[in-house]
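J.: When the sequence shown is numbered by the numbering used here, its final residue is 171 and no position is left out of the sequence of numbers. Note that beta-carbon positions come from the ideal geometry of N, C-alpha and C, so glycine has one too.
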Amino acid sequence: MNMTHYMELLAVNQPWNLLIFMAVPVVLAETIAVTELAILFTRNFNGPLRKLNKWCSILVGFYFLVIFVYLFFTAVIPLTSNGEWRGWIDVIAVGFYLLGVIPLLGLSLLDIGIIGRHLSEEGKMKLHATFVGIFLIVAHIAMIFGMLNPHVGGYMNHMKM
């Protein structure tokens, strides 16, 4: 079966790659999203849910930064320099997966006080929710394109003799 490098990464070395590259970041991001809704509805910016939300946000941003650096040097650069991309669908799947570093790192930087210092608690939560929304968009684009067969986008295998 033909698959994108995104799906191949998740499929090999079971279950470790699936846990490292998908389960950990997604569980943390979903925890952030759910606690974010509860915080915004209750307006309790100092309770235990906010503490959980904050620690998950800090952890996921730096965790995903490590994933980004690792995959950039072990996958993106070699695939690009060797011309091994499996068409535009493959590039979109991997590219959008790696773009997740921007909103996730934004969450971390916001919660450790590097960005958004001038904002009120409500303003910080609005920016926080925006980062969560952006992450959900790029992650779902990555997943949708990652599950496509690259042949749908015109990719043809070139077998070497």
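(1) Quick one: what's got a C-beta closer than 7 Å to residue 68's C-beta in the same chain, skipping five residues either side?
(2) Please state if the CB of residue 40 and the CB of residue 138 are separated by a distance shorter than 8 Å.
(3) As an exercise, report each continuous alpha helix (DSSP H) stretch of at least 4 residues that is fully enclosed by the segment 42-127, in chain order.
(4) Could you have a look at residue 16 and say whether DSSP puts it in helix, strand or coil?
(5) Check the C-beta distance from residue 165 over to residue 97 and give it rounded, since I have them as a contact under 8 Å.
(6) So, with DSSP's three-state summary, where would you put residue 23?
(7) Classify residue 158 as helix, strand or coil using the three-state DSSP reduction.
T.: On the basis of the coordinates in this document:
(1) Cβ contact annotation for residue 68 (same chain, cutoff 7 Å, sequence separation greater than five): 118, 121, 122, in chain order.
(2) Not in contact: residue 138 and residue 40 (Cβ atoms no closer than 8 Å).
(3) If we require 4 residues or more, the alpha helix (DSSP H) runs fully inside the segment 42-127 come out as 58-81, 87-91, 97-109, 111-121.
(4) Reduced to three states, the DSSP call for residue 16 is helix.
(5) The C-beta distance from residue 165 to residue 97 rounds to 3 Å, short enough to fall under 8 Å.
(6) Residue 23 falls in the coil class under three-state DSSP.
(7) Look at residue 158 here: in three-state DSSP terms it is coil, with no helix or strand label.
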